[in-house]
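Undergrad: The structure is given below, and queries will be raised subsequently.
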Amino acid sequence: MVKNLKTISFSGLDSQLEKNRSDINKALKNVLDSCQFIMGKEIETLEQKLASFFKIKYAVTCANGTDAITLSLMAIDLKPGDFVIVPDFTFVSSIEAPVQLGIKPILVDINKDDFSINIEHLKSVINVNKKMGYKIKAIINVDLFGMPSDYSSLLKICKENNYYLISDAAQSFGTIYNNAPISNYADITTTSFFPSKPLGCYGDGGCVFTKSKKIADKIKSLRLHGKGFNKYDNKYVGLNSRLDTIQAAILIEKLKVFPDELKKRKEIANFYMKNIDKKEILPKERENSKSVWSQFTIKTSLRDDLKLFLQKKKIPSAVYYPRPLHKQSAYKHFSNKNLTFCNSENASKRVLSIPIHGYLNQKQVKYITDALNNFFGKE
Ligand SMILES: Cc1ncc(COP(=O)(O)O)c(C=O)c1O
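Below, the structure is given as structure tokens:
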């Protein structure tokens, strides 16, 4: 280990807290003093700030990123027996939310290079399922590792087929596609404030973004048990899915430093791109799609050896995700045996995410880069 090299953290949460502790403590004290722990004034303040940051009319917070997807599906009236399309290589929430509601998922492969939903596979899966008479109502897209998906193609497909587009931006919060924040494209965009997300709180949290007043109003009701005008007349079967005031207060503080953190992530990604010698392992950015680099995920058939090698050098790394959805015990029966998910399977065997966050210093980034060059230099 290089002398004076501080411990390398995977998410940077410790250094982030160290730097912002006094502002966060003040914000927490205000909530404690107000005793408004549920739906306190910080909720509305945060929602206004999030909507303005994302340049979208409505932001409605909720209890977590999985509920944000569930609430979105409920808001567009999807019913048991409807079908939605879901990428095969993603976090489990993408499939868990529809299945919880009795909605059937149809899995689609991802792109080999950028991990986004594969448009050609999507088109062929839609054709096959239409012939079978399945009522596909929506696509749940995921901007994996921070990279916006191919929204132009997704929107074209949704328009042609009259599908809703729900986009999960839990990993891409803050990113830009075609010069506009990604929330401008889907009917509903969701995010998670899980602590290690690009914008995370200190517990669970989530948010839904939309241009539609009708959808925003319905989600505001659904997250409060389906509340009507009268608190005890519930007009929908809803959920208890409120964001805690304490988490909102923390997020208001973290949103202030978020643009600088994104800038730092970008600089680190640029450094890795330029200085990691083995170019074929690097992630690819598509034209018009600028990643926020929530993860910097490389791909190598030597993944397990590399992970061990990095571990010995005290460099943390993580495998997102070792098993595609079509191979998971709870969901494998949703997989169509006639379809193959080659890119998704390939990714699950090769991906490795290395540290990237706003609090890595230049020495640490260089140390990580040198370790990778050292490992692949010996091949
Ligand atoms: C892409 C994606 N969607 C949804 C979620 C779920 O968010 P939460 O843990 O807040 O429910 C995650 C969390 O890791 C995620 O990465």
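The opening position of the sequence shown corresponds to residue -4 in this note's numbering, with each subsequent residue numbered one higher.
For glycine and all other residues, C-beta sits at the position ideal for the given N, C-alpha and C.
Relative to the C-alpha of Phe379, which candidate in Ile351, Asp28, Ile38 has its C-alpha closest?
TA: In the structure as shown, the chain starts at -4 and stops at 374, and residue 379 therefore has no counterpart that could be examined.
Undergrad: Along the chain, where does the alpha helix (DSSP H) containing Val94 start, and where does it finish?
TA: Residue 94 sits at position 99 when you count from the first residue of the sequence shown. Here the alpha helix (DSSP H) through Val94 covers 88 to 95.
Undergrad: What does the Cβ neighbour count give for Tyr180, buried or exposed, with the cut at 16 atoms within 10 Å?
TA: Residue mapping note: residue 180 aligns to position 185 of the sequence shown, counting from 1. Classification of Tyr180: buried, given that the 10 Å Cβ count is 16 or more.
Undergrad: For Thr205, collect the residues of the same chain with a Cβ closer than 6 Å to its Cβ; drop the 5 residues on either side in sequence, then sort them by chain order.
TA: Within the sequence shown, the letter at position 210 stands for residue 205. Hits under 6 Å: Tyr53, Ile183, Ala211.
Undergrad: Using a Cβ-Cβ cutoff of less than 8 Å, which residues in the same chain neighbour Pro190 once the five nearest sequence positions on both sides are dropped?
TA: Position 195 of the sequence shown, counting from 1, holds the residue named residue 190. Hits under 8 Å: Ser6, Leu8, Cys196, Tyr197, Gly198.
Undergrad: Taking buried to mean at least 16 other C-beta atoms within 10 Å of its own C-beta, is Leu12 buried or exposed?
TA: For this step, residue 12 is matched to residue 17 along the sequence shown. By the 10 Å Cβ count, Leu12 comes out exposed.
Undergrad: For Thr324, count the other beta carbons within 10 Å of its own beta carbon; 16 or more makes it buried, fewer makes it exposed. Which is it?
TA: One-based indexing of the sequence shown puts residue 324 at position 329. As written in the sequence, residue 324 is Ser, which differs from the Thr given in the question. With fewer than 16 other Cβ atoms within 10 Å, it is exposed.
Undergrad: What are the boundary residues of the alpha helix (DSSP H) that includes Ile241?
TA: Translated into positions along the sequence shown, residue 241 becomes position 246. That run of the alpha helix (DSSP H) goes 240 to 270.
Undergrad: Which same chain residues, not among the five before or five after Ala366, have their C-beta less than 7 Å away from its C-beta?
TA: In the sequence shown, residue 366 corresponds to position 371, counting from 1. Counting only Cβ-Cβ distances below 7 Å, and skipping sequence neighbours, we find Leu305, Lys308, Ile310.
Undergrad: By Cβ distance below 7 Å, which residues in the same chain neighbour Lys151 in space, the five residues on each side in sequence not counted?
TA: The residue given as residue 151 occupies position 156 in the sequence shown. No residues qualify anywhere along the chain.
Undergrad: Taking the C-alpha atoms as reference points, what is the distance between Ala395 and Lys222?
TA: Any question about residue 395 goes unanswered here, given that the chain covers just -4 to 374.
Undergrad: Three-state secondary structure (DSSP) at Ile393?
TA: The structure shown does not extend to residue 393, since the chain is modelled only from -4 to 374, so the question has no answer here.
Undergrad: Let me check understanding here. Comparing Cα to Cα, which of Leu102, Ser88, Val103 lies closest to Leu96?
TA: Counting from one through the sequence shown, the residue named residue 96 turns up at place 101. When only C-alpha atoms are compared, the closest one is Ser88.
Undergrad: Have a look at Ile33 and Leu238 and give me their C-alpha separation to the nearest angstrom.
TA: Your numbering for residue 33 matches position 38 in the sequence shown. Your numbering for residue 238 matches position 243 in the sequence shown. Rounded to the nearest angstrom, the two C-alpha atoms are 8 Å apart.
Undergrad: With Lys249 and Gly353 assumed to form a contact (beta carbons below 8 Å), what rounded beta-carbon distance in angstroms separates them?
TA: Reading the sequence shown from its first residue, position 254 is the one you call residue 249. Reading the sequence shown from its first residue, position 358 is the one you call residue 353. In fact, because the Cβ distance is near 11 Å, the residues do not count as touching under 8 Å.
Undergrad: Any idea what DSSP makes of Thr65, helix, strand or coil?
TA: Along the sequence shown, read from residue 1 onward, the residue named residue 65 stands at position 70. Residue state, collapsed to three classes: helix.
Undergrad: Closest to Asn157 by C-alpha separation, out of Asn368, Lys125, Ser348, would be which residue?
TA: Along the sequence shown, one-based indexing puts residue 157 at 162. Cα-wise, what sits closest to Asn157 is Lys125.
Undergrad: If we count the other Cβ atoms within 10 Å of its Cβ and call it buried at 16 or more, is Phe188 buried or exposed?
TA: Working through the sequence shown from its first residue, we reach residue 188 at position 193. Buried is the call here.
Undergrad: Taking 7 Å as the line, does the beta carbon of Val137 fall inside it for any heavy atom of ligand 1?
TA: The sequence position of residue 137 within the sequence shown is 142, counting from 1. Val137: yes, Cβ under 7 Å from ligand 1.
Undergrad: State the start and end residues of the unbroken beta strand (DSSP E) segment that holds Thr184.
TA: Reading the sequence shown from its first residue, position 189 is the one you call residue 184. Note, Thr184: beta strand (DSSP E), 183 to 187.
Undergrad: Can you find a heavy atom of ligand 1 that lies under 7 Å from the Cβ of Asp300?
TA: If you number the sequence shown from 1, residue 300 lands on position 305. No - ligand 1 has no heavy atom lying nearer than 7 Å to the Cβ of Asp300.
Undergrad: Name the residue from Lys24, Ala70, Ile38 whose alpha carbon lies nearest to the alpha carbon of Lys213.
TA: Mapped onto the sequence shown, residue 213 falls at position 218. Closest by alpha carbon: Ala70.
Undergrad: Label Met127 either buried or exposed according to how many other C-beta atoms from any shown protein chain fall within 10 Å of its C-beta, with 16 as the threshold for buried.
TA: Here residue 127 refers to the residue found at position 132 of the sequence shown. Burial call: exposed.
Undergrad: Enumerated in chain order, which unbroken segments of the alpha helix (DSSP H) with a length of 4 residues or greater are wholly contained in the region 134 to 209?
TA: Whole alpha helix (DSSP H) segments, 4+ residues: 146 to 156.
Undergrad: Please state if the CB of Tyr326 and the CB of Ile90 are separated by a distance shorter than 8 Å.
TA: On the sequence shown, residue 90 is found 95 positions in, with the first residue counted as 1. On the sequence shown, residue 326 is found 331 positions in, with the first residue counted as 1. Yes, the Cβ-Cβ distance between Ile90 and Tyr326 is below 8 Å.
Undergrad: What number of angstroms, rounded off, separates the C-alpha of Asn122 from the C-alpha of Tyr172?
TA: Taking the first residue of the sequence shown as 1, we reach residue 122 at position 127. Taking the first residue of the sequence shown as 1, we reach residue 172 at position 177. Whole-angstrom Cα-Cα distance: 27 Å.
Undergrad: Between the alpha carbons of Lys322 and Leu334, how many angstroms are there, rounded?
TA: Walking along the sequence shown from the start, residue 322 turns up at place 327. Walking along the sequence shown from the start, residue 334 turns up at place 339. C-alpha separation (whole angstroms): 13 Å.
Undergrad: Would the beta-carbon of Ile134 fall within 8 Å of that of Val94?
TA: As a first step, residue 134 must be located in the sequence shown, where it is residue number 139. As a first step, residue 94 must be located in the sequence shown, where it is residue number 99. Not closer than 8 Å, so no.
Undergrad: Between Val314 and Tyr227, what straight-line distance do the alpha-carbon atoms span, to the nearest angstrom?
TA: Locating residue 314 in the sequence shown gives position 319, counting from the first residue. Locating residue 227 in the sequence shown gives position 232, counting from the first residue. Rounded to the nearest angstrom, the two C-alpha atoms are 46 Å apart.
Undergrad: Is Ala58 near Val203, with beta carbons less than 8 Å apart?
TA: Residue numbering aside, residue 58 sits at position 63 when the sequence shown is read from its first letter. Residue numbering aside, residue 203 sits at position 208 when the sequence shown is read from its first letter. Not in contact: Ala58 and Val203 (Cβ atoms no closer than 8 Å).
Undergrad: Please name the residue in Glu282, Val252, Leu277, Leu160 whose C-alpha comes closest to that of Leu68.
TA: Residue numbering aside, residue 68 sits at position 73 when the sequence shown is read from its first letter. Ranking Glu282, Val252, Leu277, Leu160 by Cα distance to Leu68 puts Leu160 first.
Undergrad: Quickly, what does DSSP pair Ser284 with across the bridge? List them, please.
TA: Here residue 284 corresponds to residue number 289 of the sequence shown, with the count starting at 1. Ser284 is bridged to Tyr172.
Undergrad: Please report how far the alpha carbon of Pro254 lies from the alpha carbon of Phe168, in whole angstroms.
TA: Along the sequence shown, read from residue 1 onward, the residue named residue 254 stands at position 259. Along the sequence shown, read from residue 1 onward, the residue named residue 168 stands at position 173. Near 11 Å, if we compare the C-alpha coordinates of Phe168 and Pro254.
Undergrad: Return the residue from the list Gly141, Ile241, Lys44 that minimises the CA-CA distance to Asn25.
TA: Reading the sequence shown from its first residue, position 30 is the one you call residue 25. Nearest C-alpha to Asn25: Ile241.
Undergrad: Can you tell me whether Phe48 sits near ligand 1, meaning its C-beta is under 7 Å from at least one heavy atom of the ligand?
TA: In the sequence shown, the residue the question calls residue 48 occupies position 53. Phe48 Cβ: outside cutoff for every heavy atom of ligand 1.
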